[in-house]
Amino acid sequence: MEPSLILIAIGAPWIGAVVVWLIGDRQPRLQHLTAAIASLVAAAAALWLLQPTFWGETGKVVLRLPFGAFVGDMTFVADSLGVFLAVIATTIGSLTVIFSQGYMAGVAQLGRYYTLVLLFIGAMCGLVLSGNLLFLFLFWEMTAFCSYALIAFYNDDPKAVAAGIKALIVTQLGGVGLLIGIIVAAAYLPDLQISTLLAAAGSLPSDILTIIAFGFLIAAMAKSAQFPLHIWLPDAMEAPTPISALIHAATMVNAGVYLLARFYPAFAAVPGWTAVVIAMGVTSALLAALFAVFSNDIKRVLAYSTVSQLGYMVAGVGIGAIFESQFYLFSHALFKALLFLSSGAIIHELGTRDMREMGGLWKRMPQVVLPFLIGAAALVGLPFFNGFWSKELLLETALESNPLGVYLPLALGAAITTFYTARMCRMVFFAPIQHERTADDHPHVPLSMSLPLALLALGVALAWLLAAPFVSWMWATLPFHAEYILPHRAPESLISTHTLFAWSTLIIMSLTLVGLYLGWRAGATTAASARLAPRIGRIEAFFNESAEAVSGATRQSAALLQKTQTGQLNWNIVGIALGLIALLIIILQGVL
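Straight run, no breaks: the sequence shown in the numbering used here ends on number 1353.
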């Protein structure tokens, strides 16, 4: 397979971004068309990269660009772990772009919107396909900038601007952790290739490997919005809904889970590392599910759901279930994109995000109700949607590897997920009509919005068929991960009666039925929502206090820096000199 496909997957969106910017906002149709073509070309290239494994080849597609002795080659590696995430970023990204044609019609500064979206898609592809630590970091930071700019796209709305700044601050904390890990690794490795770190991890001093491992862990915690650095993601709902789908399903939040999975073979033996990963994932899965119960904003419910579902993936990585966590990520990307875009169609037509102002939409928006319910069924884990197989495979592995400590809270989280999902569906579609427009009008969903919903719904219904090929591809292209990829199961046995009738499945399905019943009753009337209002206030206060703590620390740091960053050259030279001395000490330790 031609390595140039990697450049197309990364470069096509970036070229499209430049062209969209040059076109200008006076030709919105041409901007729409250009953005759609650029994203679809990238998606086609990423999908074509799957061809070697479809044909049974065991090699990877590798692109090397010389970049100096110390940094090493600018390497891009198309293995199963990276290609699947590139496919997610480009395919869901392209569907988001198509959806935006209807959703963003008439919005000012459309060129800025599409430019940032295309940069975002290209940066995410670069991140997951990069084989070099330095360039992984550069792409990592590019996704942080794009997410900030897109969350704050409505820059005349103070809430949107504040949400964008919060996202930037929190994710930059993770960026610092990643940078520290890379700098320390650079002092002890001959080059910055990811494969070099994976191969040499066992020979590094234990304290050095610990610094690298926990630096990367902090980065993943912030990027994938895991407790306690989860505070930025709910407020990110101030972004346009297609951006919410892009961040939650295709790009930003997947990066942290990817980072943990990519470097798991290097860090698994670090004392306490896997325990912290498991604790972080389990806590996020359970607490975020509880937060979703107490929200009446449809996008915030889905945002908390994302934090919770990412917790399952992170916990899966912690127990060494690399395939299960990545297959869960793949499934989640599809059904969460479907849910967000479906909710976007509802919000676009009704002009509200409050579920208490909806109701009765099952008759008035048939183009939306079926896709939304399919996505909800996958989120809950109903047979036989993709979410069922991915969730049951992960929970079955959790039960086998750690019978109670991991499995029980994740099982409880699954029950709570069912509760808030059933409540959401009842309030939005089947409760009495609460919105004047829904009582009188029949909202129209344009083809540009309904087509992506139909395609995603089809993907949710059929994606589970890729489970066996996926694990085979991972075995073939991830030599460092081989012992963590279902060593006890043959690929053809993944989707079988074994999983369907496993004890874990029977337990989870029993909890699911209970959650469906209770959640359906809770969403029957707005009175049920009103009874939850005091709890909503307490939960929101928790988020606000957490965010204020982060913002306050940032402001204090800025005030402190003002005392030294005066613009006077002498003070700046002192700071630079101290930084260079510290860096020199680290490098000398690695050399000596």
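Ideal Cβ positions, reconstructed from N, Cα and C, are used throughout, including at glycine.
With a Cβ-Cβ cutoff of 8 Å, do residue i and residue j count as a contact?
i, j, result
"A1192", "G1120", "yes"
"C907", "I771", "no"
"S1005", "M998", "yes"
"A1010", "A1138", "no"
"L880", "A778", "yes"
"G1017", "S1069", "no"
"L842", "M1126", "no"
"L939", "F896", "no"
"A974", "V1031", "yes"
"L1140", "L1100", "yes"
"L1217", "I859", "no"
"G863", "S1209", "yes"
"T1178", "A1050", "yes"
"M953", "A947", "According to the sequence as given, residue 953 is Leu; it is not Met. Yes."
"S1086", "A1022", "yes"
"F1190", "L1102", "no"
"M982", "L970", "no"
"G1136", "F1096", "yes"
"K1152", "A1176", "no"
For residue i, write down the residues that DSSP places opposite it in a beta bridge.
i, result
"D917", "According to DSSP, which records beta bridges pairwise, D917 is partnered with nothing at all."
"V838", "V823"
"L1058", "The sequence shown places Asp at residue 1058, rather than the Leu named in the question. BP columns for D1058 point to D1115."
"Q954", "N893"
Report back the beta-carbon spacing between residue i and residue j to the nearest angstrom; my notes put them in contact at under 8 Å.
i, j, result
"L1359", "A1040", "With the chain covering 762 to 1353 only, the question about residue 1359 has no answer from this structure."
"G936", "A980", "7 Å"
"V889", "A924", "Incorrect: roughly 25 Å between the Cβ atoms, too far for contact."
"P774", "I849", "About 14 Å; that fails the 8 Å criterion."
"G892", "F837", "6 Å"
"A905", "L929", "7 Å"
"F1133", "A1228", "Not a contact, Cβ separation roughly 24 Å."
By Cβ distance, which residues of its chain are closer than 6 Å to residue i, with the 5 residues on each side in sequence left out?
i, result
"M705", "Outside the modelled stretch of the chain, which goes from 762 to 1353, sits residue 705, for which no answer is possible."
"I769", "A806"
"V1352", "Any reading at V1352 needs caution, since the residue's pLDDT is 44, under 50, leaving its predicted position unreliable; the model's value is listed next. If we look at V1352 and ignore the five residues flanking it on each side, it has no Cβ neighbours."
"L877", "C907, A910, L911"
"P1170", "V1043, L1047"
Identify, in the order they occur along the chain, each residue of the same chain with its Cβ nearer than 7 Å to the Cβ of residue i, setting aside the five sequence neighbours on each side.
i, result
"F1411", "In the structure as shown, the chain begins at 762 and stops at 1353. Residue 1411 is therefore absent and cannot be evaluated."
"Q870", "D786"
"W816", "Interpretation of W816 is limited by its pLDDT of 43, a score under 50 that renders its predicted location unreliable; no figure is taken from the coordinates."
"T957", "L950, P951"
"G1079", "T1035, V1038, I1039, G1042"
"A804", "T851, T852, S855"
"L1279", "F1180"
"D1115", "N1057, D1058"
"L1226", "none"
Can you list, in chain order, the residues of its chain with a C-beta nearer than 8 Å to that of residue i? Leave out the 5 residues immediately preceding and following it.
i, result
"Y874", "S861, M865, V868, L911, F914, P1001"
"A1294", "The predicted model places A1294 with a pLDDT of 49, which falls under 50 and marks its position as unreliable; any figure quoted below should be read in that light. Closer than 8 Å at the Cβ level, and outside the excluded window around A1294, lies no residue."
"I798", "G777"
"V945", "I969, I972, I973, G976, I1347"
"L894", "I943, A946, A947, L953, Q954, I955, L958"
I'd like to know if the stretch 1144-1152 and the stretch 1205-1224 are in contact, where contact means that at least 3 CB-CB pairs between them fall below 8 Å.
yes
With a cut-off of 8 Å, do at least 3 Cβ pairs link the stretch 1056-1066 to the stretch 1175-1188?
At 8 Å Cβ cutoff, the stretches touch.
Would you call the stretch 1150-1158 in contact with the stretch 1072-1087, where contact means no fewer than 3 C-beta pairs closer than 8 Å?
yes
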